[in-house]
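Written out below as structure tokens is the structure these notes cover.
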Amino acid sequence: MELLDGKKCAESLVADISRKVAGYIGSGLRKPHMTIILVGTHAPSESYVKSKIASCGRAGFEGNLIRLSETVTEQELLAKISDINNDPSTDGVIVQLPLPPHINEQNVINAIAPEKDIDGFHPTNFGRMALGQKAFRPATAYGICKLLQFYDIPIKGKHCVVIGRSNIVGKPISIMLANDFDIGNATVTLTHIETPRQLLLDETRRADIVIVAVGIPGFVSEDMVKEGVVLIDVGINRLENGKLVGDVDFAAVAPKCSWITPVPGGVGRMTVAALMINTLMAYENNFNLN
Numbered sequence: 018m019e020l021l022d023g024k025k026c027a028e029s030l031v032a033d034i035s036r037k038v039a040g041y042i043g044s045g046l047r048k049p050h051m052t053i054i055l056v057g058t059h060a061p062s063e064s065y066v067k068s069k070i071a072s073c074g075r076a077g078f079e080g081n082l083i084r085l086s087e088t089v090t091e092q093e094l095l096a097k098i099s100d101i102n103n104d105p106s107t108d109g110v111i112v113q114l115p116l117p118p119h120i121n122e123q124n125v126i127n128a129i130a131p132e133k134d135i136d137g138f139h140p141t142n143f144g145r146m147a148l149g150q151k152a153f154r155p156a157t158a159y160g161i162c163k164l165l166q167f168y169d170i171p172i173k174g175k176h177c178v179v180i181g182r183s184n185i186v187g188k189p190i191s192i193m194l195a196n197d198f199d200i201g202n203a204t205v206t207l208t209h210i211e212t213p214r215q216l217l218l219d220e221t222r223r224a225d226i227v228i229v230a231v232g233i234p235g236f237v238s239e240d241m242v243k244e245g246v247v248l249i250d251v252g253i254n255r256l257e258n259g260k261l262v263g264d265v266d267f268a269a270v271a272p273k274c275s276w277i278t279p280v281p282g283g284v285g286r287m288t289v290a291a292l293m294i295n296t297l298m299a300y301e302n303n304f305n306l307n
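Just add 17 to wherever you are in the sequence shown, counting from 1, and you've got the numbering used here.
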């Protein structure tokens with residue numbers, strides 16, 4: 018068993034970005050600029066935003082955080098997004114999710130200009146991604162692909178099972194691994210809450226790669242996977258004792274894996290790295306550097 022070290026991979030990717038940015042700045046261009054909007058004081062969101070701002074610094078970007086009150090109205094938030102859309106000095110914008118219940122998340126996502134949608138959630142970008150066209154790819158799914166690529170994990174022709182069909186992870190990673198991208202051409206089975214238990218077991222037990230994102234500690238047990246499986250654990254759950262764990266029973270399952278992501282230190286770091294890649298792409302698009 019070997020670890021798919023997201024920290025190591027992310028540091029390598031961000032270092033490459035930093036070198037590229039230094040060259041652009043040396044030629045007289047401004048720094049790439051990411052703006053993050055944070056609504057309220059949701060503790061996990063605070064942590065995620067802090068990580069993104071820190072990564073901006075390492076990549077040579079400007080990272081700007083806009084804090085809005087928990088009581089901000091949807092119209093006020095949409096107006097702020099419109100201001101950022103019209104600001105030529107901002108290359109990419111993120112609205113940190115989740116949002117308070119009185120705000121419609123899809124309306125907010127749809128309001129972000131597609132050319133600044135570095136999360137890759139806007140329908141225009143998601144649709145272009147699904148069609149195999151150039152687009153900002155959803156960051157967590159893109160980060161998983163970059164991690165597999167970094168460790169030279171074979172994908173083409175492999176059977177991949179995805180557990181969970183969220184718009185953030187399950188759906189996009191299924192599309193990306195099945196598509197004819199720079200990494201892809203797998204045969205993908207997407208499972209979800211309505212997948213019968215026995216069918217789920219039948220699929221995971223013959224899968225070469227299993228990706229799980231369900232938010233249930235220890236959901237994937239040792240009897241669910243075959244020897245030599247590659248296991249990507251997207252889950253991050255805090256137990257009552259304060260310990261962070263994934264959706265995989267790591268101690269029991271890891272000995273059967275050829276490769277497995279740790280939690281923490283796996284996919285989370287890759288999500289942030291993918292945001293840096295998307296921001297650089299937005300910046301290069303703005304200056305016609307591609």
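Ideal Cβ placement from N, Cα and C applies to all residues, glycine included. These numbers were taken from a predicted model, which means no experiment stands behind them.
According to DSSP, residue i sits in a beta bridge with which residue or residues?
i, result
"Glu79", "His50"
"Arg255", "Leu261"
"Gly245", "According to DSSP, Gly245 bridges with nothing at all."
"Asp197", "According to DSSP, Asp197 bridges with nothing at all."
"Ile233", "For Ile233, which the question treats as bridged, DSSP gives no partner whatsoever."
"Asp250", "Val229"
"Leu20", "Ile277"
"Leu218", "Leu218 is not bridged to any residue."
"Val38", "None, per the DSSP bridge assignment."
Is it buried or exposed for residue i, if we count other Cβ within 10 angstroms and need 16 for buried?
i, result
"Gly45", "exposed"
"Asn309", "The question about residue 309 has no answer here: the residues shown for the chain are numbered 18 through 307."
"Met287", "buried"
"Leu306", "exposed"
"Thr107", "buried"
"Ala158", "buried"
"Ser29", "exposed"
"Lys67", "exposed"
"Asp225", "buried"
"Lys173", "exposed"
"Phe18", "One detail in the question is off: residue 18 reads as Met in this sequence, not Phe. Result: exposed."
Would you please state the rounded distance, in angstroms, between the beta carbons of residue i and residue j? I believe it to be under 8 Å.
i, j, result
"Ser62", "Gln123", "The pair is not a contact, with the Cβ atoms about 18 Å apart (cut-off 8 Å)."
"Leu164", "Gly23", "6 Å"
"Ile180", "Val125", "Not a contact, Cβ separation roughly 27 Å."
"Thr208", "Val178", "6 Å"
"Glu239", "Ala269", "4 Å"
Check whether the Cβ of residue i lies closer than 7 Å to any heavy atom of the ligand NAP, and answer yes or no.
i, result
"Val89", "This structure simply doesn't include the ligand NAP, nor any ligand for that matter."
For residue i, would you say it is in contact with chain D, using Cβ-to-Cβ distances shorter than 8 Å as the test?
i, result
"Ile111", "No chain D appears in the structure shown, which is made up of a single protein chain."
Inset, instruction - Kindly confirm or deny that the stretch 253 to 266 and the stretch 200 to 212 touch, where touching means at least three C-beta pairs closer than 8 Å. - result: Flag = no, the stretch 253 to 266 and the stretch 200 to 212 do not touch.
Inset, instruction - Say whether the stretch 273 to 280 touches the stretch 236 to 253, bearing in mind that this needs 3 or more beta-carbon pairs closer than 8 Å, one atom from each stretch. - result: Yes, the stretch 273 to 280 touches the stretch 236 to 253.
Legend entry - Touch test, the stretch 130 to 143 against the stretch 258 to 275, Cβ-Cβ under 8 Å, three pairs minimum: Contact fails: fewer than three Cβ-Cβ distances are below 8 Å.
Legend entry - the stretch 214 to 221 / the stretch 181 to 191 touching (three or more Cβ pairs under 8 Å): Taking 8 Å as the limit for Cβ pairs, the verdict is that the stretch 181 to 191 does not touch the stretch 214 to 221.
Inset, instruction - Quick one: which unbroken alpha helix (DSSP H) runs of 4-plus residues sit fully inside the stretch 132 to 185? Chain order, please. - result: Whole alpha helix (DSSP H) segments, 4+ residues: 140 to 147, 156 to 167.
Legend entry - beta strand (DSSP E) segments (min. 3 residues) lying fully within the stretch 72 to 130: You should have 79 to 85, 109 to 112.
Inset, instruction - Indicate whether the contact test is met: 3 or more Cβ pairs, each with one atom in the stretch 71 to 79 and one in the stretch 38 to 57, closer than 8 Å. - result: As far as the Cβ criterion goes, the stretch 71 to 79 touches the stretch 38 to 57, which means the pair count is three or higher.
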